[in-house]
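Protein chains in written order, with the working numbering: chain A, 1 to 235; chain B, 236 to 506.
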């Protein structure tokens, strides 16, 4: 009887973990899409159909969700133009000095002269190769924020698949890869880039996205730490 | 200009050399704390105006009145004029953006444009022909069990576009056939019989350009100075009597309304 209960509890915990990994993958996927290109009609409709948690416990995530919600509830066709303009203003800018936008490339924030295609790009590319991820139609530096977020999404999906298959070791390995990547890359430059996003963007949408991605990355790093610490302690 | 005059205009010591600006040598002491652009730490950004938006090209302020601005907008966008005029008609009394989009898309199906409904409406709004009415929205919250609260958008915003008095006035001018009459009965009065033939021909059924060219070529009056079918298509299209639809030229409602007047004028001319 007791064994049955323990087994049931373990199964429930595993199901929770799978749901957690799926949720993380969805969240990273959503954020990657929003950074990858401008919001189009289909994306806007999908965003307006979403439900945003009102209180997650993380102040930045909550503020981000509220700002996105406030923008989206008054959005209509014209907002697609407005967001496209703000996307260019925020991520491309109009200057050539390296200080005119929130450049979405890690190299810009981690190289002395704020240049693209620097060491960070080489490291990210190496990580992608180590994890059997190949460049698809992407033609720019692999240290773009959208690609880094998508990497986290892919790893979360792999972790979920491994858990479903009952391969805990593989799942833990994927989580370790994510933690290392988040520490070495995402969290290394995201605070600076999101600060720039708030400086350059004029819509609540990109202001909110800056808060959301920063808060979520921090929160997720804490979750990964907690999970992996419990694994280490158990071992 | 004498050299001594040049010397007075040109101070060599103050010569501006854009290449001399060193991006890496920024003097923080020079920065203006009150200028938010100084936070980007770059000298050329400081003098950039905060608002980089350009002034509207067609606006009541610039053209000296809303009617003038709208007419000027139409004049400089001849290819979009039919759809812009139609928008003014549809929005008289108010039209939901979603409904307007369907109508504009249908109208532009045979005359495609990179301009979507909102872009066209914004052009008319800046010129003073349309007004946008945004509905009020309220924050929707939903409890989804276990105390978790969600923010959810239950109703999508669908604003209303409404034609202004100036827009209504221009719409009246554009649809009363005055431009057509000026062209057919005045400027091109010499070709009245050709216009009559072309309009009657197209009224029977939609025609191709070649059909119209052949018809026009049979008239003596177009031989010298030479006029081709394209001229008559062009003039009738410009005055909203003819339109391109389903891969052929067709008479518009206005064209059908004008046809009896053309027939009457032709009969009168024959007497």
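Just so you know, even glycine gets a beta-carbon here, dropped at the ideal spot from N, CA and C.
Could you tell me the distance, in whole angstroms, from the CA atom of residue i to the CA atom of residue j?
i              : j              : result
residue 225(A) : residue 155(A) : 15 Å
residue 433(B) : residue 446(B) : 10 Å
residue 435(B) : residue 466(B) : 17 Å
residue 291(B) : residue 361(B) : 7 Å
residue 386(B) : residue 483(B) : 51 Å
residue 203(A) : residue 99(A)  : 20 Å
residue 38(A)  : residue 19(A)  : 29 Å
residue 188(A) : residue 182(A) : 8 Å
residue 460(B) : residue 312(B) : 29 Å
residue 147(A) : residue 32(A)  : 7 Å
residue 48(A)  : residue 367(B) : 21 Å
residue 127(A) : residue 178(A) : 11 Å
residue 11(A)  : residue 167(A) : 13 Å
residue 343(B) : residue 54(A)  : 42 Å
residue 419(B) : residue 438(B) : 17 Å
residue 297(B) : residue 358(B) : 14 Å
residue 104(A) : residue 90(A)  : 9 Å
residue 294(B) : residue 355(B) : 14 Å
residue 110(A) : residue 44(A)  : 32 Å
residue 329(B) : residue 94(A)  : 39 Å
residue 299(B) : residue 46(A)  : 44 Å
residue 475(B) : residue 489(B) : 7 Å
residue 506(B) : residue 499(B) : 11 Å
residue 223(A) : residue 334(B) : 47 Å
residue 60(A)  : residue 207(A) : 11 Å
When you compare the CB of residue i with every CB in chain C, is at least one pair closer than 8 Å?
i              : result
residue 336(B) : As a matter of chain content, chain C is missing from the structure shown, whose protein chains are A and B.
Which residue marks the beginning of the beta strand (DSSP E) containing residue i, and which one marks its end?
i              : result
residue 280(A) : Examination of residue 280(A) is not possible in this model, given that chain A is present from 1 through 235 alone.
residue 365(B) : 365-368
residue 479(B) : 477-480
residue 386(B) : 384-387
residue 189(A) : Counting along the chain, residue 189(A) falls outside any beta strand (DSSP E), though it belongs to the alpha helix (DSSP H) covering 187-200.
residue 395(B) : 395-398
residue 483(B) : 483-486
For my contact list, residue i and residue j are in at a C-beta cut-off of 8 Å; report their separation, rounded to the angstrom.
i              : j              : result
residue 197(B) : residue 401(B) : Since the first and last residues shown for chain B are 236 and 506, residue 197(B) lies out of range.
residue 405(B) : residue 305(B) : 5 Å
residue 450(B) : residue 501(B) : With 8 Å as the limit, residue 450(B) and residue 501(B) do not qualify as a contact, their Cβ atoms being about 15 Å apart.
residue 215(A) : residue 57(A)  : Wrong, their Cβ atoms sit about 10 Å apart, outside the cutoff.
residue 396(B) : residue 346(B) : Not confirmed; about 20 Å, so no contact.
residue 492(B) : residue 412(B) : 7 Å
residue 464(B) : residue 444(B) : 7 Å
residue 22(A)  : residue 160(A) : 5 Å
residue 29(A)  : residue 118(A) : That belief does not hold up - the Cβ atoms of residue 29(A) and residue 118(A) are roughly 27 Å apart, past 8 Å.
Rank the options by C-alpha distance to the C-alpha of residue i and give the top, closest one.
i              : options                           : result
residue 364(B) : 501(B), 309(B), 473(B) and 486(B) : 309(B)
residue 453(B) : 488(B), 331(B), 300(B) and 430(B) : 430(B)
residue 124(A) : 115(A), 144(A) and 71(A)          : 144(A)
residue 201(A) : 190(A), 152(A), 92(A) and 58(A)   : 92(A)
residue 106(A) : 141(A), 44(A) and 16(A)           : 141(A)
residue 87(A)  : 28(A), 196(A), 45(A) and 218(A)   : 196(A)
residue 133(A) : 185(A), 158(A) and 89(A)          : 158(A)
residue 409(B) : 506(B), 323(B), 498(B) and 478(B) : 323(B)
residue 469(B) : 307(B), 293(B), 314(B) and 335(B) : 314(B)
residue 228(A) : 75(A), 199(A), 174(A) and 194(A)  : 174(A)
residue 72(A)  : 349(B), 369(B) and 391(B)         : 391(B)
residue 70(A)  : 369(B), 373(B), 334(B) and 300(B) : 373(B)
residue 190(A) : 176(A), 209(A) and 205(A)         : 209(A)
residue 326(B) : 411(B), 352(B) and 476(B)         : 352(B)
residue 41(A)  : 14(A), 67(A) and 75(A)            : 75(A)
residue 97(A)  : 82(A), 115(A) and 81(A)           : 115(A)
residue 162(A) : 14(A), 9(A) and 4(A)              : 14(A)
Where does the unbroken alpha helix (DSSP H) through residue i begin, and where does it stop?
i              : result
residue 325(B) : 316-325
residue 107(A) : 106-110
residue 216(A) : 204-234
residue 350(B) : Looking at the DSSP string, residue 350(B) is not in any alpha helix (DSSP H), and its letter there is neither H nor E.
residue 152(A) : 145-164
residue 344(B) : Segment: none, residue 344(B) is in no alpha helix (DSSP H) and carries neither H nor E.
residue 41(A)  : 41-48
residue 303(B) : 301-311
residue 87(A)  : 77-91
residue 465(B) : 464-473
Does at least one heavy atom of the ligand ATP sit under 7 Å from the Cβ of residue i?
i              : result
residue 322(B) : Although the ligand ATP was asked about, the structure shown includes no ligands whatsoever.
* the region 418-450 of chain B: which residues have C-beta closer than 7 Å to a C-beta of chain A, in chain order? -> none
* Contacting positions in the region 387-421 of chain B - beta carbon closer than 8 Å to chain A -> Cβ contacts with chain A come from 387, 388, 391, 392, 393 and 394.
* For the region 132-145 of chain A, enumerate the residues whose C-beta is nearer than 9 Å to any C-beta of chain B, in chain order. => none
* What residues in the region 53-68 of chain A have a beta carbon less than 8 Å from any beta carbon of chain B? -> Listed by position along the chain: 53, 54, 55, 65 and 66.
* Asked: Name the residues in the region 106-128 of chain A whose C-beta lies less than 9 Å from a C-beta of chain B; which are they?
  -> 113
* When you check each C-beta in the region 75-91 of chain A against every C-beta of chain B, which residues fall closer than 7 Å? -> 75, 76, 77, 78 and 81
* Asked: Taking a cut of 9 Å between CB atoms, which residues from the region 333-362 of chain B lie near chain A?
  -> 333, 336, 351, 352, 353, 354, 356 and 357
* To do: Name, going along the chain, the residues of the region 195-214 of chain A whose beta-carbon falls closer than 8 Å to a beta-carbon of chain B.
  => Along the region 195-214 of chain A, the positions whose C-beta sits under 8 Å from a C-beta of chain B are 199, read in chain order.
* To do: Note down, in chain order, all residues in the region 2-28 of chain A with a beta-carbon under 8 Å from any beta-carbon belonging to chain B.
  => Only those residues of the region 2-28 of chain A whose C-beta falls short of 8 Å from the nearest C-beta of chain B would be listed, and there are none.
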